[in-house]
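These notes are about the structure you will find just below.
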Amino acid sequence: MKASVNKERCIGCGACVASVPEVFDFDDDGLTKTIVDNIPEEKEEETKNAADMCPGSAITIDE
Ligand code: SF4
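Reading the sequence shown from the start, the letters are residues 989 to 1051 in this note's numbering.
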């Protein structure tokens, strides 16, 4: 599974970084990026939840 962040939609709230720091981190611009190519299996559910909770609907999951 992969995840990507659309920076046009990210508002930098940090919710995804707080909930799954193994997958998301802040970029130099204060917005978020994905820091792994493939989501570790044990983090898939949390990553999906982070996508659901993202206030900008900025996270896309690719199964
Ligand atoms: S939860 Fe969404 S809006 Fe907030 S930092 Fe993550 S990608 Fe950006």
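Even glycine gets a Cβ: it sits at the ideal position worked out from N, Cα and C. Nothing here was measured: the structure is a model prediction, and the numbers come from that model.
Could you tell me the distance, in whole angstroms, from the CA atom of residue i to the CA atom of residue j?
i	j	result
Asp1050	Ala991	6 Å
Thr1020	Pro1009	11 Å
Gly1002	Lys995	13 Å
Glu1030	Ala1038	14 Å
Whose C-beta lies closer than 7 Å to the C-beta of residue i among residues of the same chain, with five residues either side of it excluded?
i	result
Glu1032	Met989
Any chance the CB of residue i is under 6 Å from a heavy atom of ligand 1?
i	result
Gly1000	yes
Gly1044	yes
Ile1047	yes
Thr1020	yes
Ala1039	no
Val993	yes
Ala1006	no
Under the rule that 16 or more other beta-carbon atoms within 10 Å means buried, what is residue i, buried or exposed?
i	result
Ile999	exposed
Considering only residues of the same chain and omitting the five flanking positions on each side of residue i, which have a CB-CB separation below 8 Å?
i	result
Cys1013	Inspection of the sequence shows that residue 1013 is occupied by Asp rather than by Cys. Once the five neighbours on either side are set aside, the close Cβ partners of Asp1013 are Val1005, Thr1020, Lys1021, Ile1023.
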